[in-house]
Structures are given as C-alpha cells and as structure tokens.
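Visitor: Below is one structure. I have some questions about it.
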Amino acid sequence: MSVAKKEYKRITVKTLVDMKTNGEKISMLTAYDYTMAKIVDGSGIDVILVGDSASNVMAGHETTLPITLDQMIYHASSVVRAVERALVVVDLPFGSYQSDPKEALRSAIRIMKESGGHAVKLEGGKEVKESIKRILNAGIPVMGHLGLTPQSIYKFGTYTVRAKEEEEADRLKQDALMLEKAGCFAIVLEKIPAKLAQEVAKSVSIPVIGIGAGNGVDGQVLVLHDMIGMTHEFHPRFLRRYMNLYEDMTTAISQYVTDVKTEDFPNEEEQY
Ligand code: KIV
Numbered sequence: 021m022s023v024a025k026k027e028y029k030r031i032t033v034k035t036l037v038d039m040k041t042n043g044e045k046i047s048m049l050t051a052y053d054y055t056m057a058k059i060v061d062g063s064g065i066d067v068i069l070v071g072d073s074a075s076n077v078m079a080g081h082e083t084t085l086p087i088t089l090d091q092m093i094y095h096a097s098s099v100v101r102a103v104e105r106a107l108v109v110v111d112l113p114f115g116s117y118q119s120d121p122k123e124a125l126r127s128a129i130r131i132m133k134e135s136g137g138h139a140v141k142l143e144g145g146k147e148v149k150e151s152i153k154r155i156l157n158a159g160i161p162v163m164g165h166l167g168l169t170p171q172s173i174y175k176f177g178t179y180t181v182r183a184k185e186e187e188e189a190d191r192l193k194q195d196a197l198m199l200e201k202a203g204c205f206a207i208v209l210e211k212i213p214a215k216l217a218q219e220v221a222k223s224v225s226i227p228v229i230g231i232g233a234g235n236g237v238d239g240q241v242l243v244l245h246d247m248i249g250m251t252h253e254f255h256p257r258f259l260r261r262y263m264n265l266y267e268d269m270t271t272a273i274s275q276y277v278t279d280v281k282t283e284d285f286p287n288e289e290e291q292y
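So this is what it looks like as structure tokens:
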C-alpha cells in the first residue's frame with residue numbers, strides 16, 4: 021500500500037518543495053554503499069543522504085571530523101550507482117568548505133562531478149553563507165543543516181539537545197530564514213525542541229527535515245544503521261528501531277561458525 025499522495029518517478033529538489041506544498045511528508049535515510057542504497061531506494065525512500073556519519077558508522081571513528089572528501093566521493097558514487105528514484109544528497113565533509121567560499125565550491129564540484137550525486141549538504145548558518153551562495157551560483161543544489169551540527173562537536177562539547185535557550189533559538193530561526201533566502205532547497209534540523217522545529221518549518225517555504233526535532237516538520241531523517249538496529253549501543257530518545265539486525269546477524273554468524281566447525285557446512289547439495 022502506498023501512502024504517497026502522488027507517485028513520483030524520480031525525486032528532484034523541486035519534488036520536495038511540491039511535497040511540502042501538498043502536505044506530504046518527506047522520508048530520508050542515510051546510505052553509504054551500493055547494496056544498502058539499492059534496498060533503500062527500492063523501498064520507496066524520497067531522499068538518500070550520503071552522510072558524513074559514514075565516518076562513525078562505516079569507519080568506526082568517534083566523530084564525523086576525520087572523513088575526507090575522497091572518502092565521501094567513494095561512498096557517494098557507490099550509492100549513486102544503485103539509485104533509480106531517490107534524490108541523492110552528499111555531505112560536504114569537515115574541512116572541505118569552512119576555510120573559504122572558493123574551496124567550498126571546488127569541493128562541491130568534485131562531489132557532483134566525481135560521484136554523480138544530485139545535491140550537497142553542509143552544516144552551519146551565517147558563517148557559511150558566502151560558501152552556500154557560491155555553490156548555488158554554480159547550479160549545485162544545497163541543503164542546509166542547523167541545530168546539532170556534529171562537525172562542531174568540539175565547540176559544543178556534547179551531543180545534547182541544542183537551542184533550548186532563547187538566544188540560540190533566535191539565532192537558529194534567523195539562520196533558517198537566511199538559508200531559505202540564499203536559495204537552499206531544504207534544511208535539516210538536528211536535535212532541537214519540537215516546538216522550535218515546528219515554528220521554523222512554518223516560517224520557511226522550503227522543506228525542513230528533522231532528526232530528533234519532533235513531528236511538526238516536513239519530513240524525517242534517520243541513520244539507516246541505527247533504524248535497522250545494527251548499531252545497538254546507540255539509544256537516543258528520537259531513534260525508532262524497526263529491526264534488531266545486530267542480534268539477527270550475531271545469531272546467523274554464530275550458527276555459521278558452528279556449522280563450519282562441526283563440518284555441517286557445506287553439505288552434499290552445497291558442493292560441486
Ligand atoms: O551525516 C548524517 O548522517 C547526517 C544526518 C544525521 C542528518 O547529517
């Protein structure tokens with residue numbers, strides 16, 4: 021059964037704005053490789069984010085800071101080869117856009133040219149305004165990211181909820197308006213109070229996609245490996261687990277180990 025208000029053959033940045041206008045919620049998940057992206061795309065997701073969370077999920081780093089532009093391009097090109105319908109958004113990694121707008125544009129161009137992704141995402145508000153404008157001027161769609169911005173973890177010190185105080189909430193509201201005015205096609209809001217996120221979503225005409233930002237926004241994003249229960253040690257309140265793959269895989273792999281050790285595998289039918 022489809023819950024989409026309208027069937028879209030191929031999702032574009034314009035489709036997402038249409039979805040907001042039509043009151044249809046946007047579904048977004050991360051993917052970092054061909055096989056997972058094929059499953060995610062085939063399941064009807066609207067947006068696939070090749071997130072720099074690959075740094076944690078795929079490479080085992082504690083933060084998103086170490087992942088490089090080359091590594092992001094590798095992940096993104098694997099995803100793009102799998103995708104037929106979803107819009108593929110690729111994170112600009114830490115260090116590839118903060119120093120100056122020219123470098124930001126060079127990094128965004130490399131992502132678009134070398135991976136075939138459809139848009140880039142970058143973290144921050146007014147401090148990255150000039151970079152956003154330069155990337156947009158080159159015809160590359162940009163998704164903003166406000167609230168908890170993991171690339172600034174050493175500035176925040178913790179991964180707790182952002183913008184609980186009025187001053188930070190006001191700054192976030194201003195930044196969202198700035199991102200819309202600059203020409204971003206959507207904004208991710210991460211880990212902020214639901215009431216504030218709803219207010220922001222209402223104040224802009226572009227889609228606002230939340231993670232830990234309540235249900236008053238225009239869509240939701242989760243990290244795939246969290247929602248399918250592969251990363252079992254991570255339990256934030258906003259996360260809904262749809263499977264427990266960590267347990268299922270552990271059971272299956274333990275069984276395989278036993279079967280090999282006991283010479284149960286391979287049997288007659290499993291050999292030539
Ligand atoms: O990198 C990522 O996975 C993200 C999401 C958490 C939005 O930026």
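Reminder that position 173 of the sequence shown reads as 193 in this note's numbering, one-by-one numbering, no gaps. The beta-carbon is built from N, C-alpha and C at its ideal position, and this holds for glycine as well.
Flag this pair as yes or no: are the beta carbons of L168 and L49 separated by less than 8 Å?
Guide: Stepping through the sequence shown from its first residue, residue 168 is reached at position 148. Stepping through the sequence shown from its first residue, residue 49 is reached at position 29. Not closer than 8 Å, so no.
Visitor: With a CB to CB cut of under 7 Å and the five nearest residues on each side skipped, what residues in its chain are close to L209?
Guide: In the sequence shown, counting from the first residue as 1, residue 209 sits at position 189. For L209, where only same-chain residues beyond five positions count, the Cβ hits under 7 Å are L166, G167, A217, V220, V228, G230, A233 and V237.
Visitor: Are K204 and G164 closer than 8 Å when you measure CB to CB?
Guide: Taking the sequence shown and counting its residues from 1, the one referred to as residue 204 is at position 184. Taking the sequence shown and counting its residues from 1, the one referred to as residue 164 is at position 144. According to the sequence provided, residue 204 is Cys. The question's Lys does not apply to it. Taking 8 Å as the Cβ cut-off, C204 and G164 qualify as a contacting pair.
Visitor: Quick one: measure Cβ to Cβ for A139 and P161, integer angstroms, because I've assumed they're closer than 8 Å.
Guide: Looking up residue 139 in the sequence shown gives position 119. Looking up residue 161 in the sequence shown gives position 141. Between P161 and A139 the Cβ distance is about 4 Å, and since that is below 8 Å, they are a contact.
Visitor: Identify every run of the beta strand (DSSP E) within the stretch 90-172, keeping only runs that are complete inside it and at least 3 residues long; order them along the chain.
Guide: As far as the stretch 90-172 is concerned, its whole beta strand (DSSP E) runs of at least 3 residues are 107-111, 139-141 and 162-167.
Visitor: Compare the Cα-Cα distances from I65 to each of Y54, A74, A24 and P113 and report the closest residue.
Guide: As a first step, residue 65 must be located in the sequence shown, where it is residue number 45. That would be A24, whose Cα lies nearest to the Cα of I65.
Visitor: Does M132 pass the burial test, meaning 16 or more other C-beta atoms within 10 Å, or should it be called exposed?
Guide: Working through the sequence shown from its first residue, we reach residue 132 at position 112. Answer is buried; the Cβ neighbour count reaches 16.
Visitor: Does DSSP put L259 in a helix, in a strand, or in coil?
Guide: One-based indexing of the sequence shown puts residue 259 at position 239. It is coil, neither helix nor strand.
Visitor: Closer than 8 Å is the cut-off here; do at least three beta carbon pairs connect the stretch 78-91 with the stretch 31-38?
Guide: These segments do not touch.
Visitor: When you compare only the Cα positions, how much space is there between M198 and N264?
Guide: Sequence index remark: in the sequence shown, residue 198 carries index 178 (1-based). Sequence index remark: in the sequence shown, residue 264 carries index 244 (1-based). If you take the alpha carbons of M198 and N264, they lie about 40 Å apart.
Visitor: Give me the DSSP bridge partner(s) of V228.
Guide: Residue 228 sits at position 208 when you count from the first residue of the sequence shown. Answer is I207, bridged to V228.
Visitor: State the Cα-Cα distance for the pair L244 and A51, rounded to the nearest angstrom.
Guide: Here residue 244 refers to the residue found at position 224 of the sequence shown. Here residue 51 refers to the residue found at position 31 of the sequence shown. Their Cα atoms are separated by approximately 6 Å.
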